[in-house]
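So the sequence lines, in the order shown, correspond to chains X and G.
Position 65 of the first sequence, counted from 1, bears residue number 65 in this note's numbering, the numbering being contiguous throughout.
Each position in the second sequence, counted from 1, maps to that position plus 1000 in this note's numbering.
Note sheet for the following structure.
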Amino acid sequence: MRFKGHVYTVDYGHLSLVGLMAAIVAWYLFDTRSVSTNVNNILLVQPVSIFALLMCALIVPQCFKRVTGAAAEPEKEGDYDPLAPKLPTERKEVIKMALLGGALGVFVFSLNIIGFDIAIFLFCVAAMAICGERRPLHLLAFSLIVTVVAIYGFKALIPFPMFTAIL
Amino acid sequence: MIDIAAFQEALGIMFTSVGSWGWIVPGLIVGLVFSAIPGVSITMAMAIVLPMSLYMDFFSAIVFLTSVYTGAGFGGSVPAILMNIPGSPSSFATTFDGYAMSKKGEHNEALGYALFASTICGILGYVLLLFVIEPLADIVLRIGPVEMFSVAIWGMLLLGSLGSKYITRGLLAAAFGILLGTVGMNTAGFIRGTMGIPTLLDGISPIPAMIGLLAAGQLLSLASKDYILDAEGARKVSVRLILKGCWGTMKYPGVLLRGSIIGIVIGAVPGVGSSIGNLIAYAETKRTAKDSATFGKGNPKGVIAAESAVASAEGGSMATMLALGIPGGGATAILLAAFMMHNIVPGPSFIETQKPMVYAIILNNIVQAIVLLVVGIGFIYVASNVVRVRTRYILPAILVIATLGTYAVSGEISGPITLFLFSLVGYVLVRYEYPIAAVVVGILLGRMLETEFLRSYQLSGGNPLYVFQRPGAMAIIGVMLLSLAMTAWGKRKQAKAEAEELAAMERLHQQELAGINGRS
Chain X
1 MRFKGHVYTV DYGHLSLVGL MAAIVAWYLF DTRSVSTNVN NILLVQPVSI
51 FALLMCALIV PQCFKRVTGA AAEPEKEGDY DPLAPKLPTE RKEVIKMALL
101 GGALGVFVFS LNIIGFDIAI FLFCVAAMAI CGERRPLHLL AFSLIVTVVA
151 IYGFKALIPF PMFTAIL
Chain G
1001 MIDIAAFQEA LGIMFTSVGS WGWIVPGLIV GLVFSAIPGV SITMAMAIVL
1051 PMSLYMDFFS AIVFLTSVYT GAGFGGSVPA ILMNIPGSPS SFATTFDGYA
1101 MSKKGEHNEA LGYALFASTI CGILGYVLLL FVIEPLADIV LRIGPVEMFS
1151 VAIWGMLLLG SLGSKYITRG LLAAAFGILL GTVGMNTAGF IRGTMGIPTL
1201 LDGISPIPAM IGLLAAGQLL SLASKDYILD AEGARKVSVR LILKGCWGTM
1251 KYPGVLLRGS IIGIVIGAVP GVGSSIGNLI AYAETKRTAK DSATFGKGNP
1301 KGVIAAESAV ASAEGGSMAT MLALGIPGGG ATAILLAAFM MHNIVPGPSF
1351 IETQKPMVYA IILNNIVQAI VLLVVGIGFI YVASNVVRVR TRYILPAILV
1401 IATLGTYAVS GEISGPITLF LFSLVGYVLV RYEYPIAAVV VGILLGRMLE
1451 TEFLRSYQLS GGNPLYVFQR PGAMAIIGVM LLSLAMTAWG KRKQAKAEAE
1501 ELAAMERLHQ QELAGINGRS
């Protein structure tokens, strides 16, 4: 993108995130005000929402980076900061992470449909395969152990019923 | 102050009921194991073993239940250090430096620091309790919404310590977290942001949200790794290194004392508990430390500060429960139930008439803290072996336990779904360098901030000068401002000293250059 004689790159992903957060905050503020404009309702939500929207406005320029000749300084290895964790960037790693995230999503939404026991077993098999396990005996045996221990352990621990198909 | 005659009588009770000491180790193990499972709370662990205590005599039952409580106070820090998953909200601040130490292969030392801080401050908390149980009860009765709001604001000051690369992103993350924390029905009965989903009436459950946010960046990214720790040498599990960490804790008496005082005072406030105490202790330690830049990157002081506040908060909440009969949280409510099942009602009259028994309970808690050191070393030795298991086995098992743990919070599928949705939120936030810790702090404190702000507003009629009628709130705000001012002054002094040192070095360099030129 060119603006006032300078070339800028746009981080559309980040811009979308800021836009989405601003939309959620604006909706929440609107929803809160639509319930009531009584001070007891908007006392904290309104100022914090306005502050969040202001922050979104201040972050938007960070999504545009001016292209210069100088290369960015590489980060020092081993300077790990857990408060700003880094995600894998290699294609293979990102695919594995996305697959595991997807499997987790399918798992949580299927718990009440196919039963906790079958869902846990299938998730374990899928997660182990994604992490690199290929031996069928190991896949099945370990998943079965996890399923049995998790189901009986949590059934003994928690006072709530768990829907299971077999166990 | 301490009543010597009652104290001697308490020692008598302790030694005549030595048989009840046998319940300490099983209680500690139950507490350690249960609290190390993310999502399974101390309250749940104590509720499960409560019926067992019915068949014991009163003192044995209390020894057993308080042992579970003591063990659970430390157990949550084990997954926090090894996997960045806090077993409970009170272990959240432990993840900051504990997990960073693990990533550097210092998990043995980190667990040692956490265990010893927990033990020492558990003892310190109860020793203080022996002396201040009565005055502390008076102070607690004077705490109102304005004071609670001040405490919540103090907790929010942690945000300044999170040190994000971009301040605006950190502030947006915190504001977003606070707003998420206020979803549902507020104290005044207004319902916001629920989208018609009944589960959201009680708000977003903080435990599944916290696990989801933290799990996204860490657990899922382990899929491409063979082990949690890359370097083979770092995967060593050593009692010697755990003990080294334990011993290292003694180097930081100031951190231990500060964490203990913060923990005991905040733990004594009903409804606040150690979930804020650990955040405030961490933030205060970082703010006053000379090496504050290394916090969040594996500084042992961060682990010690957080754990010391958690351990001593236990003593604080016991004080409120024994002296006033008010449970500070779920775990002390179960203890209260145990007292009542044995026809004993804690409160001012209990303290007055049964002082030796109160002292005996406190003394037994000190014994439990000492035994925790031995049982804890064994427990963390076994638990640390998780770093030696290949991720293809450990990752599916952890994800299943975490998911079932979130189901265990309320017995509804909304827990696992919250975990998954917040995993996605966490992933996107980490991807664009937003500090997820700020969102977690916001979610943890958002509801309390709103509730106490609202109550303060209603009490004061909107008059901000009302704060001057509340000496407790003024004291908290005063300490907070003093702490901030001292930090700013210290930082300025440090910057000035560094600038002077730099100028002196520059002068020396110029003189050397001038000397070389003169000779040539």
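Even for Gly, the Cβ is constructed at its ideal location relative to N, Cα and C.
Being a predicted model, the structure only gives us computed values, none of them experimental.
Reference residue i; option with closest CA among the options
{"i": "VAL1430(G)", "options": "ALA1005(G), LEU1124(G), GLN1218(G) and THR1094(G)", "result": "GLN1218(G)"}
{"i": "VAL1310(G)", "options": "GLU1147(G), ALA1289(G) and ASN1278(G)", "result": "ASN1278(G)"}
{"i": "ALA1306(G)", "options": "ASN1517(G), ALA1093(G) and ALA1061(G)", "result": "ALA1093(G)"}
{"i": "ALA1337(G)", "options": "ASP1291(G), ILE1081(G) and VAL1049(G)", "result": "VAL1049(G)"}
{"i": "SER1118(G)", "options": "GLU1452(G), VAL1374(G) and VAL1389(G)", "result": "VAL1374(G)"}
{"i": "VAL1367(G)", "options": "VAL1078(G), PRO1051(G), ILE1123(G) and PHE1339(G)", "result": "ILE1123(G)"}
{"i": "TYR152(X)", "options": "LEU1404(G), ALA1047(G) and GLY1189(G)", "result": "LEU1404(G)"}
{"i": "PRO1145(G)", "options": "MET1474(G), LEU1454(G) and GLU1501(G)", "result": "LEU1454(G)"}
{"i": "LEU1324(G)", "options": "MET1341(G), GLU1352(G) and TRP1023(G)", "result": "GLU1352(G)"}
{"i": "GLN62(X)", "options": "ARG1447(G), LYS1493(G) and TYR1434(G)", "result": "TYR1434(G)"}
{"i": "ARG1390(G)", "options": "LYS1493(G), SER1150(G) and SER1224(G)", "result": "SER1224(G)"}
{"i": "VAL1239(G)", "options": "GLN1008(G), ILE1377(G) and PRO1471(G)", "result": "ILE1377(G)"}
{"i": "ALA1473(G)", "options": "ALA1114(G), ALA1514(G), ILE1153(G) and SER1102(G)", "result": "ILE1153(G)"}
{"i": "ILE50(X)", "options": "ASN38(X), SER36(X), PHE64(X) and MET21(X)", "result": "MET21(X)"}
{"i": "PHE1116(G)", "options": "GLU1500(G), ALA1369(G), ASN1364(G) and VAL1269(G)", "result": "ALA1369(G)"}
Cβ shell of residue i (< 6 angstroms), same chain only, five flanking positions each side left out
{"i": "LEU1241(G)", "result": "ASN1108 and GLU1109"}
{"i": "TYR1069(G)", "result": "ALA1331"}
{"i": "ALA71(X)", "result": "Caution is warranted here: a pLDDT of 48 is assigned to ALA71(X), below 50, making its placement in the model unreliable, and the coordinate value is therefore given only provisionally. Closer than 6 angstroms at the Cβ level, and outside the excluded window around ALA71(X), lies no residue."}
{"i": "GLY1027(G)", "result": "PHE1064, SER1067 and VAL1068"}
{"i": "PHE107(X)", "result": "ALA119 and PHE123"}
{"i": "MET1148(G)", "result": "GLU1452"}
{"i": "PRO1327(G)", "result": "MET1321, ALA1333 and LEU1336"}
7 angstroms Cβ cutoff met for residue i and residue j
{"i": "ILE118(X)", "j": "ALA165(X)", "result": "yes"}
{"i": "LEU1531(G)", "j": "GLY1071(G)", "result": "What the structure shows of chain G is the stretch from 1001 to 1520, and residue 1531(G) is not part of that stretch, so it cannot be assessed."}
{"i": "GLY1125(G)", "j": "GLY1315(G)", "result": "yes"}
{"i": "LYS1104(G)", "j": "GLY1298(G)", "result": "yes"}
{"i": "SER1423(G)", "j": "MET97(X)", "result": "no"}
{"i": "ALA52(X)", "j": "LEU1172(G)", "result": "yes"}
{"i": "VAL18(X)", "j": "VAL60(X)", "result": "yes"}
{"i": "ALA1360(G)", "j": "ILE1133(G)", "result": "no"}
{"i": "LEU1335(G)", "j": "PRO1089(G)", "result": "no"}
{"i": "PHE1176(G)", "j": "ASN41(X)", "result": "no"}
{"i": "PHE1420(G)", "j": "GLY105(X)", "result": "yes"}
{"i": "HIS6(X)", "j": "ARG66(X)", "result": "yes"}
{"i": "PHE116(X)", "j": "MET162(X)", "result": "yes"}
{"i": "TYR28(X)", "j": "GLY1193(G)", "result": "yes"}
{"i": "ILE1598(G)", "j": "VAL1371(G)", "result": "Outside the displayed range of chain G (1001 to 1520) lies residue 1598(G), so it cannot be described from this structure."}
{"i": "GLY1446(G)", "j": "ALA1174(G)", "result": "no"}
{"i": "LYS1286(G)", "j": "VAL1255(G)", "result": "no"}
Inter-residue CB distance, residue i and residue j (contact presumed, cutoff 8 angstroms)
{"i": "LEU167(X)", "j": "ALA127(X)", "result": "With a Cβ gap of about 19 angstroms, LEU167(X) and ALA127(X) do not count as contacting."}
{"i": "LEU1449(G)", "j": "ILE1143(G)", "result": "In fact, because the Cβ distance is near 16 angstroms, the residues do not count as touching under 8 angstroms."}
{"i": "THR1358(G)", "j": "GLY1098(G)", "result": "The question names Thr, yet the displayed sequence has Val at residue 1358(G). Going by Cβ atoms, the distance from VAL1358(G) to GLY1098(G) rounds to 34 angstroms, so no, they are not a contact pair."}
{"i": "ILE130(X)", "j": "ALA103(X)", "result": "7 angstroms"}
{"i": "GLY1181(G)", "j": "LEU1200(G)", "result": "That belief does not hold up - the Cβ atoms of GLY1181(G) and LEU1200(G) are roughly 12 angstroms apart, past 8 angstroms."}
{"i": "GLY1248(G)", "j": "ILE158(X)", "result": "GLY1248(G) to ILE158(X), Cβ: 38 angstroms. No contact."}
{"i": "SER1020(G)", "j": "SER1060(G)", "result": "4 angstroms"}
{"i": "PHE142(X)", "j": "TYR1393(G)", "result": "6 angstroms"}
Span of the beta strand (DSSP E), counted from its first residue to its last, around residue i
{"i": "VAL1382(G)", "result": "From DSSP, VAL1382(G) is part of no beta strand (DSSP E) but of the alpha helix (DSSP H) over 1355-1384."}
{"i": "HIS6(X)", "result": "6-10"}
{"i": "ARG66(X)", "result": "64-66"}
Closer than 6 angstroms: residue i CB and nearest the ligand PLP heavy atom
{"i": "ILE59(X)", "result": "Because no ligand of any kind appears in the structure shown, any question about the ligand PLP cannot be addressed here."}
8 angstroms Cβ shell around residue i - same chain, five flanking residues per side excluded
{"i": "GLY1075(G)", "result": "GLY1031, LEU1032, VAL1033, PHE1034, SER1035, ALA1036, GLY1087 and PHE1379"}
{"i": "THR1418(G)", "result": "ILE1204, SER1205, PRO1208, ALA1209, GLY1212 and THR1406"}
{"i": "LEU1214(G)", "result": "ASN1084, ILE1085, PRO1086, THR1095, GLY1426, ILE1436 and VAL1440"}
{"i": "MET1486(G)", "result": "THR1288"}
{"i": "PRO82(X)", "result": "In this predicted model, PRO82(X) has a pLDDT of only 47, less than 50, meaning its place in the structure is not dependable; the value taken from the coordinates is given anyway. Answer for PRO82(X): no residue qualifies."}
Run of the alpha helix (DSSP H) containing residue i, from where it starts to where it stops
{"i": "ARG1431(G)", "result": "1414-1431"}
{"i": "ARG1447(G)", "result": "1436-1460"}
{"i": "PHE142(X)", "result": "136-157"}
{"i": "PRO1026(G)", "result": "1024-1035"}
{"i": "VAL1239(G)", "result": "1239-1248"}
{"i": "MET1148(G)", "result": "1145-1156"}
Nonlocal neighbours in the same chain, by C-beta distance under 7 angstroms from residue i, ignoring five residues either side
{"i": "ILE1167(G)", "result": "none"}
{"i": "ALA1006(G)", "result": "LYS1355, PRO1356 and TYR1359"}
{"i": "LYS1244(G)", "result": "GLU1109 and GLY1112"}
{"i": "ILE1004(G)", "result": "none"}
{"i": "GLU1506(G)", "result": "none"}
{"i": "ASN1385(G)", "result": "VAL1237"}
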